[in-house]
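Quick note on our numbering: the sequence shown kicks off at 180 and runs consecutively.
We put the CB at the ideal spot given by N, CA and C, even for glycine.
These numbers come from a predicted model, not from an experiment.
Comments concern the structure below.
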Amino acid sequence: MFQDLPTPPVDPDRIVIADYVVPNERAIVVAASRDPVLTRATSDAVTILSTNEVDRLGEARLTPLLRLAPSTALAETGPAGTQAQLRIRGAEANHTLLFIDGIKANDPAAGNEARFELLDAALGDRLEILRGPQSALWGAEAIGGVVTVSSQDPAYLGSRWHVFGEAGSNDSFRTGGSLGTETGAVRLRGAVGHSQTGGIDSFGADGERDGYRQTNARLAALIDLGGDLSLAASGFVLEGRSEFDGFDPDSFLRADTLDTTENRLGAGRLEIRHEGPLELSVAGGLLASQNVNLLDEAELNRTNAERLNLSAEASRNFSVGDTDHRFTVALDYERDDFAADDVAFGGFTRQQRDRDLTALVAEWRMTSPGLSMDAAIRHDMFGDFADATSVSAGIRIPVTSGFSLAASYGEGIAQPSFYDLYGFFPGSFVGNPDLTPEKSRGFDLGLRFDSGDLQASLTWFDQRLDREIVDVFDSETFTSTTANGDGESRRQGLEAEVTYKLPFDAILGINYSYLDATNPAAPDGTRLSETRRPEHRAALYVTGRSGSFTYGASAAYVGARFDTDFDLFPAERVRLDPYLLASARIAYAVTERAEIWLRGDNLFDTRYQDVVGYARPGRGIYVGIALHR
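See below:
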C-alpha cells in the first residue's frame with residue numbers, strides 16, 4: 180500500500196508545486212482499495228488533507244489535523260504527549276486502523292490502539308481519513324475507519340532538502356529536516372524531527388508541569404529494478420517521553436503525581452512489485468514497540484510487542500466495451516508477540532504470549548462512464564479464536580451534471596487485545612481467554628457533487644456493533660474481568676462536507692457532523708449515549724498563498740458529550756461542556772530558500788477538557804524559520 184502511484188493523470192488532476200509535479204492528492208484515495216483509486220470512483224466517505232494544506236496549517240502534532248474531519252471525536256488526557264484516543268463515527272478507540280507509509284501502525288502492546296499522541300505532524304506529508312467499516316480489505320481494527328499518514332512519493336520529488344526550527348509557549352521547541360534525492364534508478368526521501376514542551380499541570384491546578392519530548396524519523400524509497408520490477412521501502416521510528424498525572428495509591432483518586440511513560444515504536448516494510456497485464460506484489464513488514472511506566476523515575480511495569488506482516492497480491496485489469504474491471508486477490512499473514520513485566524507487583528504480571536492469523540482477500544472494482552462499483556470479501560483464520568468473514572460493497576452513480584449518488588455496505592472486526600485476553604493485576608483484574616472478536620456492520624448513503632473547483636458531499640450512515648468487549652465488575656470480590664457483551668451498540672449520523680478551490684491557490688474546507696451513538700439497551704429499554712462522543716461537531720479550515728505569504732487557519736467545534744467521573748463513588752456520568760479551538764499560521768518567504776512564520780493555537784484561550792479531570796493547554800504562540808531548496 181506504499182504510494183508507488185501510477186503516472187500522474189492529466190489536468191485537472193495534477194498540480195504544480197515549485198519546480199516539480201505531483202498527482203493532485205485529492206484525486207486519489209489510498210485506503211479505499213487494496214491499491215490507490217481515484218476519488219471520483221469510490222463510494223466511501225473520505226477526507227483528505229494534502230501536502231500543501233498540512234504544511235500551511237503548520238500544526239506541530241497530528242491530532243489537531245484529525246479534528247478537522249467529520250465524525251472524528253478526539254479525547255486527549257491532558258497536555259501534549261498524553262494518551263490521545265480517536266473515535267470515528269462513534270466507534271471505540273481501538274476501532275481505528277492506522278497506516279504510516281503503508282505500515283500497519285496500531286500498537287499490539289497498548290490494546291491494539293493507534294498511538295496518535297506520539298505522532299508529530301512532520302511524520303507525514305498527507306493525511307487521509309476513510310470512514311466506515313473496512314475490514315473486508317484490511318482486517319481487524321478497521322471498524323470506525325482507516326487513517327493513512329503518507330510521505331510524498333519519492334517518484335515525484337526530485338532532489339531537495341528542508342530544515343526548520345520553531346519555539347514558543349510553554350517552553351516548546353521543535354526542529355527537523357527532510358531530504359529527497361534521485362540518483363539513477365533510486366529515489367529516496369527521509370526526514371527526522373524532535374519536539375519538546377514543558378507542558379502544563381494536567382491535573383488542572385498550579386502544581387508540577389507535565390512535559391513531553393518526542394523524536395521521530397521516517398524513510399521512503401522507490402527503486403527501479405529494471406524491466407517491470409520495482410522495490411518500495413518505507414520505515415519510521417518514534418520515541419516519546421510523557422509526564423502525566425495519575426492516581427493516589429491510597430485513595431485511588433486523581434492526583435498531581437510524578438507519573439511518566441516512555442514509548443518506543445518502530446517499523447519497516449519492503450515491497451517488490453511487478454507491473455504489467457498481471458500486477459504482482461510481495462511485501463513484508465515488522466513493527467516493534469515498548470511502553471514503560473514509571474513513578475518518580477522508578478519503573479512500575481512495561482509491555483513489549485512485535486508484529487510480523489507478510490502479504491502477496493495479484494491484480495488483473497481488463498475492459499469489456501467502455502467498462503474497466505480490476506480483480507485482486509491477496510494473502511495476508513500476521514503474527515503478534517507480546518510480553519509484560521512489572522516491578523510494582525513483584526513480577527506477578529509477567530507473561531509472554533503470541534498469536535497469528537492468515538487471511539484470504541478478494542476484491543473487484545468496476546468503472547464505466549455511468550457507474551462505479553466495488554465488492555470485497557476477506558476471511559480471517561485466527562489461531563486463538565473463531566474465524567471471521569467480512570464483506571463490503573459499494574456503488575456510485577452519476578445522476579446529473581456534477582452530481583452522483585453513492586451507497587456502501589461494510590463489515591468490521593476487532594480482535595481482543597492481549598490485555599483483554601490475558602491481562603492480570605493481583606487483586607483487581609483477570610483477563611478472559613474465551614473472548615471472541617467484536618463484529619460491526621454499517622451502511623452509507625450519500626449525495627456527492629464535483630465541479631472541479633467545488634466538491635461537496637452529504638452522507639447518512641448507520642452502524643451496529645455486536646459482541647462488544649466490556650469490563651465486568653464482581654462486587655463480591657472487587658475484581659473485574661472482560662466479556663463479550665450482550666445486545667447491540669448503535670451509531671448513526673449525518674456528515675456534510677464542502678471543499679472549495681479559491682483563487683490565489685487557496686483551499687476552503689467546511690464540514691459538520693451529527694452523531695447518535697448509544698450503548699446496548701438496558702433491561703428497561705433505555706439506551707445511554709456513549710461517552711466522549713459529541714453529538715454535534717464542525718470544522719473549518721482555509722489555506723492559501725498571496726505573493727510571498729502563505730497562510731493557514733482552522734477552527735474546530737466540539738459539542739457537549741458525556742464522560743464518567745471515577746473520583747465519585749459510585750462513579751457518575753458527567754457532562755463536558757462544548758468548546759471551540761482556533762489555530763492560525765502565516766509565513767513569509769524572505770528569499771526563495773528561506774521562510775519565517777508566526778503560529779498560534781487555541782487562539783481564544785479556551786479552557787476545556789476532553790477527559791473529565793484533565794486540563795488541556797491554553798493559548799500558544801510560536802515563531803519559526805525554515806531553509807529549503
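- Boundaries for F597: no beta strand (DSSP E) harbours it, while the alpha helix (DSSP H) harbouring it runs 597-601, taken from the DSSP string.
- In terms of CA proximity to A509, W317 leads the group R486, W317, G672.
- Just so you know, the alpha carbons of Q642 and R266 end up roughly 13 Å apart.
- In this structure, L614 keeps its C-beta atom at 8 Å or more from the C-beta atom of G625.
- Counting along the chain, P243 sits inside no beta strand (DSSP E); it lies in the alpha helix (DSSP H) bounded by residues 242-245.
- The beta-carbon separation of Y601 and P612, rounded to 6 Å, stays under the 8 Å limit for a contact.
- The way I'd put it, the stretch 590-605 does touch the stretch 516-529; three or more beta-carbon pairs between them come closer than 8 Å.
- Here the stretch 405-417 makes contact with the stretch 429-448; the two share three or more CB pairs at distances below 8 Å.
- By the 16-neighbour rule on beta-carbons within 10 angstroms, A739 is exposed.
- E674 has T638, S692 as its beta-bridge partners, per DSSP.
- Burial check for F423: the Cβ neighbour count within 10 Å reaches 16 or more, so the residue is buried.
- Closest option to A491, judged by alpha-carbon separation, among Y693, T537, L550: T537.
- Excluding sequence positions up to five before and after S607, its CB lies within less than 8 Å of the CB of F657, T658, S659, all in the same chain and listed in chain order.
- Taking a C-beta distance under 8 Å as the contact criterion, A586 and D623 qualify as a contact pair.
- Listed as beta-bridge partners of V522 by DSSP are no residues whatsoever.
- Closest option to A541, judged by alpha-carbon separation, among P548, R532, N285, A554: A554.
- For E485, the enclosing beta strand (DSSP E) begins and ends at 477-499.
- Contact annotation, A718 with A735: C-beta distance approximately 5 Å; criterion of less than 8 Å satisfied.
- DSSP places L302 outside any beta strand (DSSP E), giving it a letter other than H or E.
- The three-state secondary structure of A220, taken from DSSP, is helix.
- In the assembly as shown, Q788 is a buried residue. Its beta-carbon has 16 or more other beta-carbons within 10 Å.
- Proximity of the stretch 457-466 to the stretch 427-440 falls short of the contact definition, fewer than three beta-carbon pairs being nearer than 8 Å.
- Looking at A270, T436, P577, the one whose alpha-carbon comes closest to that of R711 is A270.
- Rounded to whole angstroms, D563 and G344 show a C-alpha spacing of 48 Å.
- For E774, the three-state secondary structure derived from DSSP is strand.
- Secondary structure note for S654: it is in no alpha helix (DSSP H), with a DSSP letter that is neither H nor E.
- Within its own chain, the residues whose Cβ lies closer than 6 Å to the Cβ of D632, once the five positions on either side in sequence are excluded, are K680, listed in chain order.
- Across the set S571, S569, T661, M552, the C-alpha of T661 shows the shortest separation from the C-alpha of P595.
- Just measuring C-alpha positions, the residue of T221, L236, S212, I207 sitting nearest Y730 is L236.
- Between the alpha carbons of E361 and E709 lies a gap of roughly 50 Å.
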